[in-house]
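Undergrad:
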Amino acid sequence: MRLLSVLSLSILVAISAAAEGPIERLSGALRFETISHQNPTDFDPEPFSELHRYLEAAFPKTHATLERERVADYSLLFTWRGSDPSLAPILLTSHFDVVPVIPGTEERWSQPPFGGVVADGYLWGRGALDDKVGVLATLEAVEALLTSGFAPERTVYLAFGHDEELGGDVGAAGITELLESRGVRLWFSLDEGMAIVSGIAGLEKPVAMIGVAEKGFLTLRLTATADGGHSSVPTPDGAIPRLARAVARLDETPLPTRMGSVANAMFDALGPHLPGIQGFVISQRWALGGVLESILSETPSMNAMIRTTTAITIVEGGVKANVLPTSATATVNFRVVPGDTVAGVVEAVREIIDDPEIEIEIEEGREASKVASDSGEAWEAIRAAVESTAPGVIVAPALVLGGTDSKHYGRIADDSYRFTPFRLGEDDLGRVHGTDERLAVEDYPNIIGFYESLIQGASGTTR
Ligand SMILES: [Zn+2]
48 MRLLSVLSLS
58 ILVAISAAAE
68 GPIERLSGAL
78 RFETISHQNP
88 TDFDPEPFSE
98 LHRYLEAAFP
108 KTHATLERER
118 VADYSLLFTW
128 RGSDPSLAPI
138 LLTSHFDVVP
148 VIPGTEERWS
158 QPPFGGVVAD
168 GYLWGRGALD
178 DKVGVLATLE
188 AVEALLTSGF
198 APERTVYLAF
208 GHDEELGGDV
218 GAAGITELLE
228 SRGVRLWFSL
238 DEGMAIVSGI
248 AGLEKPVAMI
258 GVAEKGFLTL
268 RLTATADGGH
278 SSVPTPDGAI
288 PRLARAVARL
298 DETPLPTRMG
308 SVANAMFDAL
318 GPHLPGIQGF
328 VISQRWALGG
338 VLESILSETP
348 SMNAMIRTTT
358 AITIVEGGVK
368 ANVLPTSATA
378 TVNFRVVPGD
388 TVAGVVEAVR
398 EIIDDPEIEI
408 EIEEGREASK
418 VASDSGEAWE
428 AIRAAVESTA
438 PGVIVAPALV
448 LGGTDSKHYG
458 RIADDSYRFT
468 PFRLGEDDLG
478 RVHGTDERLA
488 VEDYPNIIGF
498 YESLIQGASG
508 TTR
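Take a look at the structure:
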């Protein structure tokens with residue numbers, strides 16, 4: 048019964064997609080279980096292929112007019128050729144894949160996570176925010192522009208990856224390589240990352256936070272070794288106490304703040320709107336020395352915006368209660384702020400630990416991204432699109448704390464921005480990758496309108 052209904056569902060959904068409105072088409076897309084699993088052997092390609100077919104039915108003009116290429120089988124690259132080949136192209140990107148629903152939490156969802164249910168003014172489901180909304184809204188915008196007879200002067204690429212939640216090392220990396228091999232250099236790329244957020248620093252107005260950079264990633268493995276022996280005769284240089292001292296030093300010693308990378312630009316944009324003491328501290332921060340930095344460091348989300356963070360995530364050591372261990376290890380994860388480097392962080396860690404007996408190895412390291420400009424024509428095109436579809440919001444540059452596919456596209460773009468124009472309330476952040484992910488139905492036309500306005504504004508401007 049269940050198998051039958053699932054099979055017929057995808058066919059029905061594909062047939063009805065063309066006839067219905069935008070929210071129904073997005074709802075249909077949420078029903079495909081395009082999941083990125085941690086374990087690659089769990090990958091099920093079928094929902095991805097079905098979603099491709101569904102999009103073909105739902106956006107016929109786009110598929111008839113734009114060139115479509117399959118990259119690494121399950122990612123898609125659309126090329127909307129501009130009339131003026133001398134203009135550098137733009138790339139709009141989002142991803143098909145979603146994170147799994149943690150087994151056992153299905154019951155906590157108000158609506159089934161892959162049901163695509165519209166209820167109480169929301170569309171509920173995995174991908175409603177991260178990131179099928181980006182895929183579908185971009186396609187809606189292109190379809191609407193084609194219907195209106197619009198043709199771009201500047202080439203517009205639409206890139207939809209299938210493995211962003213695993214790092215995009217196949218999809219986005221493949222698309223980047225393909226474009227690079229064709230000598231494509233982008234004016235700018237726009238990806239997910241930030242949104243229109245309410246409740247920032249007590250501001251009444253929502254803030255469109257345009258991600259201008261994303262943090263890097265570094266995992267270090269610290270190892271302390273010792274002679275071992277019988278626990279009845281403990282020696283002073285035990286592996287676990289030595290490792291514990293190193294870990295404690297790291298935990299107690301935050302890395303220095305880097306306000307200059309993105310934070311200062313963000314506060315320049317927010318400052319004039321902030322009331323009372325906050326506004327004062329922000330506007331006088333140059334005179335107040337480190338006061339603002341100390342205040343910000345107290346709040347984990349702000350702390351993460353202004354420095355490379357240190358998180359001790361795994362500790363291992365010892366095998367038996369009466370045996371002194373010969374080694375103990377700790378895994379420490381850093382998120383590297385632009386302005387710091389992987390090598391610089393390793394050096395700082397060495398100094399903080401101040402113990403040559405502790406071995407430090409890099410398990411995984413990726414530098415922070417470049418910082419995109421928060422002025423100039425590309426920025427202004429994005430700002431204008433925000434202001435035309437979300438009037439009254441404050442527009443500010445911001446730092447993306449997690450990773451996006453732009454870590455790849457950034458290589459071929461002069462500037463990479465990270466922003467999807469949906470609205471996030473104070474309790475909404477936990478829904479992304481969490482339970483009850485949902486999109487406000489009334490928000491969706493503005494999201495589509497943003498991409499329409501951006502394509503019109505950016506693909507005609509000269510540079
Ligand atoms: Zn995402």
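Our numbering puts the sequence shown at residues 48 to 510. Glycine included, each C-beta is placed from N, C-alpha and C at the ideal position.
#1: According to DSSP, is Met48 part of a helix, a strand, or is it coil?
#2: Helix, strand or coil for Thr300 per DSSP?
#3: Indicate, with yes or no, if ligand 1 has a heavy atom lying under 7 Å from the CB of His84.
#4: Is Thr140 closer than 8 Å to Tyr456 when the C-beta atoms are compared?
#5: How would you label Phe79, buried or exposed, when you count the other beta carbons within 10 angstroms and need 16 or more for buried?
#6: Just to check, is the beta-carbon of Asp177 closer than 7 Å to a non-hydrogen atom of ligand 1?
#7: Starting from Gly496 and walking both ways along the alpha helix (DSSP H), at which residues does that stretch end?
#8: Just curious, the beta strand (DSSP E) that Tyr169 is in, first and last residue?
#9: In the DSSP assignment, find the unbroken beta strand (DSSP E) run with Tyr464 in it and report its ends.
#10: According to DSSP, simplified to helix, strand and coil, what is His99?
#11: To the nearest whole angstrom, what separates the beta carbons of Leu269 and Ile407, a pair I think is in contact under 8 Å?
#12: From the DSSP output, in three-state form, read off Pro372 for me.
#13: Name the one or two DSSP bridge partners that Phe381 has.
#14: Kindly indicate which three-state DSSP category Glu67 falls into: helix, strand or coil?
#15: Helix or strand or just coil, what does DSSP make of Asp238?
#16: Does DSSP put Pro132 in a helix, a strand or coil?
#17: Mark Val389 as exposed unless 16 or more other C-beta atoms lie within 10 angstroms of its C-beta, in which case mark it buried.
#18: Take Glu471 as the anchor and find which of Glu345, Ala242, Val370 has the nearest alpha-carbon.
#19: Buried or exposed: Asp91, going by 16 or more other Cβ atoms within 10 Å of its Cβ?
#20: Using a threshold of 7 Å, is the CB atom of His142 nearer than that to any non-hydrogen atom of ligand 1?
#21: Does the beta-carbon of Glu239, which I'm using as the reference point, lie nearer than 7 Å to any heavy atom of ligand 1?
TA: Here's the rundown:
#1: Taking the sequence shown and counting its residues from 1, one reaches residue 48 at position 1. Unreliable placement is indicated for Met48, whose pLDDT of 42 sits below 50; the coordinate value is still reported in the next sentence. Met48: coil per DSSP, three-state reduction.
#2: Residue numbering aside, residue 300 sits at position 253 when the sequence shown is read from its first letter. Note: Thr300 maps to coil in three-state DSSP.
#3: For the purposes of this step, residue 84 is taken as the residue at position 37 of the sequence shown. No; taking the cut-off as 7 Å, the Cβ of His84 has no heavy atom of ligand 1 nearer than that.
#4: The residue given as residue 456 occupies position 409 in the sequence shown. The residue given as residue 140 occupies position 93 in the sequence shown. The answer is yes: Cβ separation under 8 Å.
#5: As a first step, residue 79 must be located in the sequence shown, where it is residue number 32. So Phe79 counts as buried.
#6: Here residue 177 corresponds to residue number 130 of the sequence shown, with the count starting at 1. Indeed, a heavy atom of ligand 1 lies less than 7 Å from the Cβ.
#7: For the purposes of this step, residue 496 is identified with residue 449 of the sequence shown, where counting begins at 1. 491-507 is the extent of the alpha helix (DSSP H) around Gly496.
#8: The residue labelled residue 169 in the question sits at position 122 within the sequence shown. Here the beta strand (DSSP E) through Tyr169 covers 169-171.
#9: Position 417 of the sequence shown, counted from the start, is the residue given in the question as residue 464. It spans 460-471 - the beta strand (DSSP E) in which Tyr464 sits, taken as one unbroken run.
#10: Indexing the sequence shown from 1 puts residue 99 at position 52. Helix.
#11: Working through the sequence shown from its first residue, we reach residue 269 at position 222. Working through the sequence shown from its first residue, we reach residue 407 at position 360. Indeed they touch by this definition, with Cβ atoms about 6 Å apart.
#12: Locating residue 372 in the sequence shown gives position 325, counting from the first residue. Correct three-state label for Pro372: coil.
#13: Position 334 of the sequence shown, counted from the start, is the residue given in the question as residue 381. In the DSSP assignment, Phe381 is bridged to Leu265, Thr357.
#14: Translated into positions along the sequence shown, residue 67 becomes position 20. Coil at Glu67, not helix or strand.
#15: Within the sequence shown, numbered from 1, the residue matching residue 238 stands at position 191. Looking at Asp238 - three-state DSSP - the assignment turns out to be strand.
#16: Locating residue 132 in the sequence shown gives position 85, counting from the first residue. Three-state result, Pro132: coil.
#17: For the purposes of this step, residue 389 is identified with residue 342 of the sequence shown, where counting begins at 1. So Val389 ends up on the buried side.
#18: Mapped onto the sequence shown, residue 471 falls at position 424. At residue 471 the sequence reads Leu, which differs from the Glu that was named. When each option's Cα is compared against that of Leu471, the closest is Ala242.
#19: By 1-based counting over the sequence shown, the position of residue 91 is 44. That one is exposed.
#20: As a working note, residue 142 is residue 95 in the sequence shown. Yes.
#21: As a working mapping, residue 239 is identified with position 192 in the sequence shown. Flag set: Cβ of Glu239 near ligand 1.
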